[in-house]
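Colleague: Please see the structure below; I have some questions.
There are 2 protein chains.
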Amino acid sequence: MQTDPPVTAAAPPLAFAPIHTRRAFEEICARIREQVAEGRLKPGDKLPAERELAQQLAVGRNALREALRSLEMAGVVELRKGAKGGAFIRGGDAGRLAQVMQDMFSLGSISVEELTESRVHIQDQVVRLACARATRADFEALAANIDRTEAATRDGAFLDRVECSREFYRLLAQATHNQVMSMIVASLTEILMGFVYARVAGGGKPQPRLIEKRREFLAALRARDADTACRLMHTHLESVHRLLKEFPKPLAAAHLPPRRRAA
Amino acid sequence: MQTDPPVTAAAPPLAFAPIHTRRAFEEICARIREQVAEGRLKPGDKLPAERELAQQLAVGRNALREALRSLEMAGVVELRKGAKGGAFIRGGDAGRLAQVMQDMFSLGSISVEELTESRVHIQDQVVRLACARATRADFEALAANIDRTEAATRDGAFLDRVECSREFYRLLAQATHNQVMSMIVASLTEILMGFVYARVAGGGKPQPRLIEKRREFLAALRARDADTACRLMHTHLESVHRLLKEFPKPLAAAHLPPRRRAA
DNA sequence: TATGCTAAATGGTAGTACCATTAATTGCAA
DNA sequence: TTGCAATTAATGGTACTACCATTTAGCATA
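Those protein sequences? They're chains A and B, same order as listed.
Quick note on numbering that gives the first Met the number 0: the first sequence kicks off at 0 and runs consecutively.
Quick note on numbering that gives the first Met the number 0: the second sequence kicks off at 0 and runs consecutively.
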């Protein structure tokens with residue numbers, strides 16, 4: 000990780016912090032983020048047209064575009080082209096978290112072991128929260144998902160089954176009714192499911208008794224039996240992660256196909 | 000959240016997925032990310048100069064720069080100017096996670112309640128992990144931090160004390176020796192500490208008995224008594240978060256000053 | 001009314017020119 | 001020869017212009 004060196008004491012405040020000449024686009028980004036944070040810009044609001052805004056800010060259109068581009072990639076704004084187009088403030092994009100995580104992983108900053116370990120621990124809390132809060136709709140969505148998974152298994156459509164699995168974890172996370180938990184676990188799951196996908200695509204034997212395990216888990220969840228549900232999830236994840244650890248390194252690059260974005 | 004509508008069944012695959020004309024800079028970003036993921040580009044590597052790379056890719060320098068800018072903001076590359084400058088692949092930037100979280104919060108996608116709740120749960124796991132793995136160096140760093148906190152308290156430097164607190168949570172997370180957990184909890188803590196900072200800056204009365212509580216916690220940690228440590232942390236966080244919830248909404252924009260970046 | 005064409009707004013891209021910063025090189029002087 | 005300063009070259013940062021592509025709205029024609 001590139002953050003801080005193994006600093007033992009952060010005590011003596013540097014007399015001279017490193018100068019970081021702020022580039023135009025950074026200043027622009029900061030100003031827009033500021034207005035967003037202060038609530039002067041809300042989701043749905045439209046920024047002035049590029050040419051006009053560039054003039055207002057007294058910067059070139061290039062610099063402004065780099066700023067907008069950055070904000071777009073950060074999920075803060077959305078750029079629409081054509082008449083009535085422009086830069087619109089978005090509602091935030093949970094997918095960014097996954098992208099950051101994926102980048103960190105690609106760059107070798109975090110390891111599979113760290114991912115699996117955190118996933119196990121966080122998923123644990125997700126299960127407990129879901130156990131306490133899941134609504135009937137949540138249960139039904141999970142049940143329907145398991146049915147789809149069963150169908151995919153019967154058809155031998157193992158890649159579809161992996162897709163179902165991803166959806167399963169998404170639905171479970173959603174049942175916590177806490178978007179932060181949901182986002183975090185989703186970003187971890189996303190990367191690891193990429194491995195599972197690659198493994199299955201490579202002909203690895205699918206997880207046995209998956210359907211039964213899922214049904215058993217759902218039953219515990221419905222019974223609000225957090226301890227049992229956690230135990231089941233825990234052992235399942237351990238078995239899945241065990242397979243990932245013996246996965247050939249070079250295939251680390253395998254990704255899931257991008258999710259279909261619901262407009 | 001902007002992700003998926005409350006979809007009940009993701010079953011019927013769309014016959015026509017929405018077309019998403021890929022812009023030049025997206026293609027460039029994707030290609031570079033691809034090479035990073037495949038390991039053909041490693042941290043420290045240098046990309047060709049902008050003018051040259053633009054020619055190789057047969058795109059304008061603008062498009063290329065927008066791509067590089069995006070990757071820079073994502074923490075994937077670092078741009079250095081001057082001779083021997085250029086775009087260098089970085090080792091990942093844990094701070095990006097916090098930025099994403101902050102954006103989501105600013106945009107109103109996630110609430111203080113969701114943040115505090117997830118923080119409590121995840122911090123819980125952090126404490127348990129730290130309890131199991133903290134080294135002597137970790138303990139000493141925490142002890143030194145508490146000493147600094149005590150000094151700041153004695154001097155009435157309450158803002159410094161908030162800084163110390165932030166550092167405390169950072170050190171604790173570091174003691175898990177799992178960077179993923181560490182990053183996640185740091186990003187949550189970052190936002191919430193912003194509130195604490197604003198509160199203290201606004202003259203709010205500081206948390207009483209903080210030092211004693213910290214010392215007690217550290218003792219439990221040293222004794223590897225996870226349950227006690229968790230309980231202590233839990234009650235402390237609850238009391239802190241209780242204060243945040245009755246915090247005036249408009250001040251939600253208050254941020255901590257940017258962290259000094261260790262070069 | 002419905003259909004298709006036209007025009008205007010706006011983001012996307014290319015290209016050029018120039019500035020600012022940085023590192024290597026050169027050159028002059030001690 | 002050594003040391004420091006000026007020069008030069010490489011490279012990102014910015015501005016400006018021109019034009020393309022897409023999208024909406026309005027107009028015209030059947």
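Glycine is no exception: its CB is placed at the ideal position from the N, C-alpha and C atoms.
Taking Cβ positions only, does B:R64 come closer than 8 Å to chain A?
Modeller: Answer yes: the Cβ-Cβ gap between B:R64 and chain A drops below 8 Å somewhere.
Colleague: Between which two residues does the alpha helix (DSSP H) harbouring A:E162 extend?
Modeller: Where A:E162 is concerned, the enclosing alpha helix (DSSP H) stretches over 157-173.
Colleague: Taking one C-beta from the region 24-39 of chain A and one from the region 54-67 of chain A each time, how about it: are there three or more such pairs within less than 8 Å?
Modeller: The answer is yes - the region 54-67 of chain A touches the region 24-39 of chain A, with three or more Cβ pairs under 8 Å.
Colleague: Per the contact definition of three or more C-beta pairs closer than 8 Å, is the region 232-243 of chain B in contact with the region 115-128 of chain B?
Modeller: Touching, per the Cβ criterion.
Colleague: DSSP three-state call for B:R79: helix, strand or coil?
Modeller: The answer is strand: DSSP assigns B:R79 an E or B state.
Colleague: Quick one, which residues of the region 96-113 of chain B are near chain A if we go by CB-CB under 9 Å, in chain order?
Modeller: Against chain A - using a Cβ distance shorter than 9 Å - the residues of the region 96-113 of chain B are L96, Q98, V99, M100, Q101, D102, M103, F104, S105, L106, G107, S108, I109, S110, E112, E113.
Colleague: Taking only beta-carbon atoms, is A:R30 less than 8 Å away from chain B?
Modeller: No, its Cβ sits nowhere closer than 8 Å to a Cβ of chain B.
Colleague: Within 10 angstroms of its Cβ, does A:P257 collect 16 or more other Cβ (buried), or is it exposed?
Modeller: Reliability fails at A:P257, whose pLDDT of 39 lies under 50, so the model's placement of it is uncertain and the value that follows must be treated cautiously. Under this definition A:P257 is an exposed residue.
Colleague: Give the residues of chain B in contact with A:E116, contact being defined as C-beta atoms less than 7 Å apart.
Modeller: Within 7 Å Cβ-Cβ: N177.
Colleague: Using a Cβ-Cβ cutoff of less than 6 Å, which residues in the same chain neighbour A:A225 once the five nearest sequence positions on both sides are dropped?
Modeller: Counting only Cβ-Cβ distances below 6 Å, and skipping sequence neighbours, we find R127, C130.
Colleague: Express the C-alpha separation of B:T152 and B:Q1 in angstroms, rounding to a whole number.
Modeller: Any reading at B:Q1 must be qualified, since the residue scores a pLDDT of 38, below 50, and its modelled position is unreliable; no value is offered.
Colleague: Is it right to say B:Q122 is buried, meaning 16 or more other beta carbons lie within 10 angstroms of its own, or is it exposed?
Modeller: Buried: at least 16 other Cβ atoms inside 10 Å.
Colleague: Give the range of the beta strand (DSSP E) segment to which B:G85 is assigned.
Modeller: Note, B:G85: beta strand (DSSP E), 85-88.
Colleague: If I follow the unbroken alpha helix (DSSP H) through B:G94, where does it start and stop?
Modeller: Taken as a continuous stretch (DSSP letters only), the alpha helix (DSSP H) holding B:G94 covers 94-105.
Colleague: Starting from A:N61, follow the alpha helix (DSSP H) in both directions and report where the run begins and ends.
Modeller: Note, A:N61: alpha helix (DSSP H), 60-72.
Colleague: Between B:V75 and B:R21, how many whole angstroms is the CB-CB distance? I'm expecting something under 8 Å.
Modeller: Their Cβ separation, rounded to whole angstroms, is 18 Å, which puts B:V75 and B:R21 out of contact at 8 Å.
Colleague: On the CB-based measure, 16 or more other CB atoms within 10 Å of its CB, does A:Q124 come out buried or exposed?
Modeller: Label assigned to A:Q124: buried.
Colleague: Please list, in chain order, all residues of the same chain as B:F24 whose beta carbon is under 6 Å from its beta carbon, the five residues on each side excluded.
Modeller: These residues qualify, in order along the chain: A62, E65, A66.
Colleague: By the 10 Å Cβ neighbour count, where 16 or more other Cβ atoms means buried, how is A:E245 classified, buried or exposed?
Modeller: That one is exposed.
Colleague: Determine the DSSP secondary structure at A:P256, reduced to helix, strand or coil.
Modeller: Low per-residue confidence applies at A:P256: pLDDT is 43, beneath 50, and the placement is therefore not dependable enough to give any value.
Colleague: Can the beta-carbon of B:P42 be found closer than 8 Å to that of B:G90?
Modeller: Their beta carbons are under 8 Å apart, which means B:P42 touches B:G90 by this criterion.
Colleague: Using a Cβ cut-off of 8 Å, pull out every chain B residue sitting near A:G155, in sequence order please.
Modeller: By Cβ distance, chain B contributes nothing, its closest Cβ being about 18 Å from A:G155, past 8 Å.
Colleague: Got a sec: which bits of the region 123-157 of chain B sit with their beta carbon under 9 Å from any beta carbon on chain A, in order along the chain?
Modeller: Within the region 123-157 of chain B, the qualifying residues are D123, Q124, V125, R127, L128, A136, E139, A140, A143, N144, R147.
Colleague: So if I threshold CB-CB distances at 7 Å, which residues from the region 67-83 of chain A count as touching chain B?
Modeller: Taking 7 Å as the Cβ-Cβ cut-off against chain B, the residues of the region 67-83 of chain A that qualify are R68, S69, M72, A73, G74, V75.
Colleague: Closer than 8 Å, CB to CB, is A:I271 near chain B or not?
Modeller: A question about residue 271 of chain A goes unanswered here, because the residues of chain A that appear run from 0 up to 262.
Colleague: Mind listing which residues of the region 186-203 of chain A have their C-beta closer than 7 Å to chain B's C-betas, in chain order?
Modeller: Within the region 186-203 of chain A, no residue qualifies.
Colleague: If you draw a straight line from the alpha carbon of A:Y168 to that of A:F216, how long is it in whole angstroms?
Modeller: Cα to Cα, the separation comes out at about 12 Å.
Colleague: Kindly say whether B:F87, judged by its beta-carbon, lies nearer than 8 Å to any beta-carbon of chain A.
Modeller: Chain A contact via Cβ: absent.
Colleague: Whose C-alpha, out of B:R208, B:D92, B:R160, B:A36, is nearest the C-alpha of B:A197?
Modeller: Nearest C-alpha to B:A197: B:R160.
Colleague: Please confirm whether A:I210 and A:Q101 have their CB atoms less than 8 Å apart.
Modeller: Not in contact: A:I210 and A:Q101 (Cβ atoms no closer than 8 Å).
Colleague: State the Cα-Cα distance for the pair A:V195 and A:S186, rounded to the nearest angstrom.
Modeller: Roughly 15 Å between the two C-alpha positions.
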